[in-house]
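Enquirer:
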Amino acid sequence: MSKLITVFGATGQQGGSVIRTIQQDDTLSQEFKIRGLTRDASKPAAQALVKQGVEVKTANMNSKESLVEALQGSHSVFLVTTPDWGNAGSDAELIHGKNVADAAKEAGVQHLIFSSLLNVTETSGGRLKHVPHFDHKAKVEEYIRSIGVPATFVLPGYFMTNYTVFGMLRKGDDGVYNLAYPVGKDAQFPLIDIASDMGKYVAAALKNRSEVLGLQLLAAADYYSPTRILAEFESVTGKETRYVQVDSDTYKSFIPGPMGQEMLENHLFVENPGYFNGRSLKESHALLEKSGYQVTSWEDFLKQSKDSL
Ligand SMILES: NC(=O)c1ccc[n+]([C@@H]2O[C@H](COP(=O)([O-])OP(=O)(O)OC[C@H]3O[C@@H](n4cnc5c(N)ncnc54)[C@H](OP(=O)(O)O)[C@@H]3O)[C@@H](O)[C@H]2O)c1
28 MSKLITVFGA TGQQGGSVIR TIQQDDTLSQ EFKIRGLTRD ASKPAAQALV KQGVEVKTAN
88 MNSKESLVEA LQGSHSVFLV TTPDWGNAGS DAELIHGKNV ADAAKEAGVQ HLIFSSLLNV
148 TETSGGRLKH VPHFDHKAKV EEYIRSIGVP ATFVLPGYFM TNYTVFGMLR KGDDGVYNLA
208 YPVGKDAQFP LIDIASDMGK YVAAALKNRS EVLGLQLLAA ADYYSPTRIL AEFESVTGKE
268 TRYVQVDSDT YKSFIPGPMG QEMLENHLFV ENPGYFNGRS LKESHALLEK SGYQVTSWED
328 FLKQSKDSL
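In our numbering, the protein residues as written are 28 to 336.
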C-alpha cells in the first residue's frame, strides 16, 4: 500500500461507492490506503468508515486551509461536489470545486478524479440556461484543466435511485405507478446504479491512469427510454405502470421554487441534445470491462431493490 487516495463525499453515495470498490478490488486494495473526508467525523456514517479501516479526516470544501491539510500526501483524489439546492444564484458548488482543485495542485496530487457533468448552457447553444448543478461541475472541470492538475472526469448518468428512493415513479390512487416527465416517451436517459457502479469507473481510471488522463468517462449502464424503463419495471415487479408526458408548467408545478425551472430544463436537455450530448457509452464500457468490472443494468437494480418498492 504505497499510495494514498483521498475521497471526498466518503459518507455519501458516490464517495461510499468508490471506497467499497477499492476495498473489494484485489489489486487496488493492495495499492492504495484510503482517507475519507467528512465535515463531521462523529456522524455514524463516518464512524462506520473507521470500522472499515478507512482513515477518516475532517475537511470542509468551504475552507482552503482545511483542504490543503486534508490532501497532504495524497497520490490520488476522488472529488464529488454538491449543489447549494434552494439557494438560487449561489455559486458555492463552483467555489468548492475550485478550492479542492487549488489544494490538489498545492499538494502535488498526481490524479484527481472529478465527478463532472456537461455544461447545459453551452451544449444547448444557450437555449437552456438554468441548470447550474450541471454548469458548475463543467466549470470546475474547465478550471481543473486550466491549472494543469492531472485529472480524469467521470460523468455519472441519471441515478436509478431517482425512481425508487426519490419517488419519481409514484403509485397513483388506482394502484398504477405513474412516471411523469416533460419529454417524449423515447427520450434517452443514461441510467446508473450510483452506489454500486460509480466506484467501478473510478477504479478503472485508477487502474489505467496514463490512458485516461484528460478524458471524460461516461458512467451509465445504457440509454433507457421511459418506455423501456417502465416495461422492465413491470416485468420485474409485476406492477402496472403508465407514462404521462406533461407540459412544462405542469411539470414545474410538481417542484416548488427555483428548482422547478432547473429540473424542467435538466429534463429538456436529456431529450435534446441529450444528457451526454448523444455520445456513445461504448468506450467507457470497454475500459470498465478491461478493468474487470460489469455494469449493473436497470433490470438487475430492480431485482435487487424489488422488496423495497
Ligand atoms: N440524481 C442524479 O440523477 C444525479 C446525476 C448526476 C449527478 N448527480 C450529482 O451527484 C451529486 C450528489 O452525489 P451523492 O449522491 O454521492 O451525494 P450525497 O450522497 O448526498 O453525499 C454528499 C457528500 O458530500 C459531502 N459534502 C457536502 N458538502 C460538503 C462540504 N462543504 N465539504 C466537504 N464535504 C461535503 C457530504 O459529506 P459530510 O456530510 O459527511 O460532510 C456527503 O458525503 C450532486 O452533485 C448531484 O448533482 C446527481
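Beta carbons are placed, not taken as given, at the ideal position from N, Cα and C, and that holds for glycine. Computed from a prediction, not measured in an experiment: that's the story for all the values here.
1) Select from P300, G287, V263 the residue whose C-alpha is nearest the C-alpha of Q331.
2) Is any non-hydrogen atom of ligand 1 found closer than 8 Å to the C-beta of M88, if you look at the structure I gave you?
3) Just verifying my parser: in three-state terms, what is the DSSP assignment at H123?
4) Between which residues of its own chain and L329 is the CB-CB distance below 7 Å, once the five residues before and five after are set aside?
5) Any heavy atom of ligand 1 closer than 8 Å to the Cβ of V107?
6) Do the region 111 to 120 and the region 39 to 53 touch if we need at least three Cβ pairs shorter than 8 Å?
7) Any chance you could list the beta strand (DSSP E) runs of at least 3 consecutive residues sitting entirely within the region 34 to 106, in chain order?
8) Can you give the Cα-Cα distance for K78 and G199, rounded to whole angstroms?
9) By alpha-carbon positions, which one of S335, L94, P183 ends up nearest to G226?
10) Return yes when the Cβ of L206 is within less than 9 Å of the Cβ of L242, no when it is not.
11) Since P253 is in the alpha helix (DSSP H), which residue starts that stretch and which ends it?
12) Report yes or no: do the region 278 to 295 and the region 220 to 236 share at least 3 C-beta pairs separated by less than 8 Å?
13) Are at least three pairs of beta-carbons, each pair with one atom in the region 82 to 99 and one in the region 55 to 68, less than 8 Å apart?
14) Assign P183 to one of three DSSP states: helix, strand, or coil.
15) Compare the C-alpha of S93 against each of L76, A75, H123, R306 and name the closest.
16) Among the candidates Y185, S103, F59, whose CA atom is the shortest distance from the CA of L240?
17) Starting from the N-terminal side, write out each stretch of the alpha helix (DSSP H) that is 4 residues or longer and does not extend beyond the region 152 to 237.
18) Around the C-beta of F193, are 16 or more other C-beta atoms found within 10 angstroms, so that it is buried, or is it exposed?
19) Any heavy atom of ligand 1 inside 8 Å of the beta-carbon of I221?
20) Rounded to a whole number of angstroms, what is the C-alpha to C-alpha distance between A37 and G175?
21) Kindly examine ligand 1 and report whether one of its heavy atoms sits closer than 8 Å to the Cβ of N299.
22) Could you compute how far the alpha carbon of K60 sits from the alpha carbon of V167?
23) Nearest to Y228 by alpha carbon, out of L31, T109, K30, A313?
24) Below 9 Å between beta carbons: does that hold for K125 and L144?
25) Could you have a look at T150 and say whether DSSP puts it in helix, strand or coil?
26) Evaluate T54 with the Cβ neighbour count: other Cβ atoms within 10 Å of its Cβ, from every protein chain shown; 16 or more gives buried, anything less gives exposed.
27) Near T148, which residues of its chain fall below 8 Å by C-beta distance, leaving aside the five closest residues on each side in sequence?
28) Helix, strand or coil: which one does DSSP assign to Y320?
29) Is Y302 helix, strand or coil by DSSP?
30) State yes or no: is the C-beta of F186 nearer than 8 Å to some heavy atom of ligand 1?
31) Specify, as a first and last residue, the run of the alpha helix (DSSP H) that Q137 falls within.
32) Can we count T323 as close to ligand 1, meaning its CB is less than 8 Å from some heavy atom?
33) In terms of alpha-carbon separation, which member of R255, K266, H294, E267 lies closest to V273?
Expert: Per the coordinate set shown:
1) Among P300, G287, V263, the Cα nearest to that of Q331 belongs to V263.
2) Yes, Cβ of M88 sits closer than 8 Å to a heavy atom of ligand 1.
3) H123 falls in the helix class under three-state DSSP.
4) Residues E259, F260, V263, T264 of the same chain have their beta carbon placed closer than 7 Å to that of L329, with the five preceding and five following residues left out of the count.
5) Answer for V107: yes, Cβ within range of ligand 1.
6) Contact between the region 111 to 120 and the region 39 to 53 is not established, with fewer than three Cβ pairs separated by less than 8 Å.
7) Within the region 34 to 106, the complete beta strand (DSSP E) runs of at least 3 residues are 59 to 65, 82 to 85, 103 to 106.
8) One C-alpha to the other measures close to 42 Å.
9) Of the listed residues, the one whose Cα sits closest to G226 is P183.
10) The Cβ-Cβ distance between L242 and L206 does not fall below 9 Å.
11) Unbroken alpha helix (DSSP H) run through P253: 253 to 264.
12) Counting Cβ pairs under 8 Å, fewer than three are found: no touch.
13) Proximity of the region 82 to 99 to the region 55 to 68 meets the contact definition, three or more beta-carbon pairs being nearer than 8 Å.
14) In the three-state DSSP reduction, P183 falls in the strand class (E or B).
15) Among L76, A75, H123, R306, the Cα nearest to that of S93 belongs to H123.
16) Selected option, being the one with the closest Cα: S103.
17) As far as the region 152 to 237 is concerned, its whole alpha helix (DSSP H) runs of at least 4 residues are 159 to 174, 188 to 191, 221 to 234.
18) Looking at its Cβ environment, which holds fewer than 16 other Cβ atoms inside 10 Å, F193 is exposed.
19) Flag set: Cβ of I221 near ligand 1.
20) Each residue's alpha carbon lies about 25 Å from the other.
21) Proximity of the beta carbon of N299 to ligand 1 is not indicated: no heavy atom of the ligand is located closer than 8 Å.
22) The straight-line gap from Cα to Cα measures roughly 26 Å.
23) Per the C-alpha coordinates, the member of L31, T109, K30, A313 positioned closest to Y228 is A313.
24) No. Outside cutoff.
25) Note: T150 maps to helix in three-state DSSP.
26) T54 should be labelled exposed.
27) Excluding positions up to five away in sequence, the list reads L155, K156, V158, D162.
28) Y320: coil per DSSP, three-state reduction.
29) Of the three classes helix, strand and coil, the one that applies to Y302 here is coil, per DSSP.
30) Between ligand 1 and F186, a heavy atom-to-CB distance of less than 8 Å is present.
31) It is not in any alpha helix (DSSP H) - Q137 carries neither H nor E in the DSSP assignment.
32) No, since every heavy atom of ligand 1 falls outside the 8 Å radius drawn around the Cβ of T323.
33) Checked all of R255, K266, H294, E267; the closest Cα to V273 is H294.
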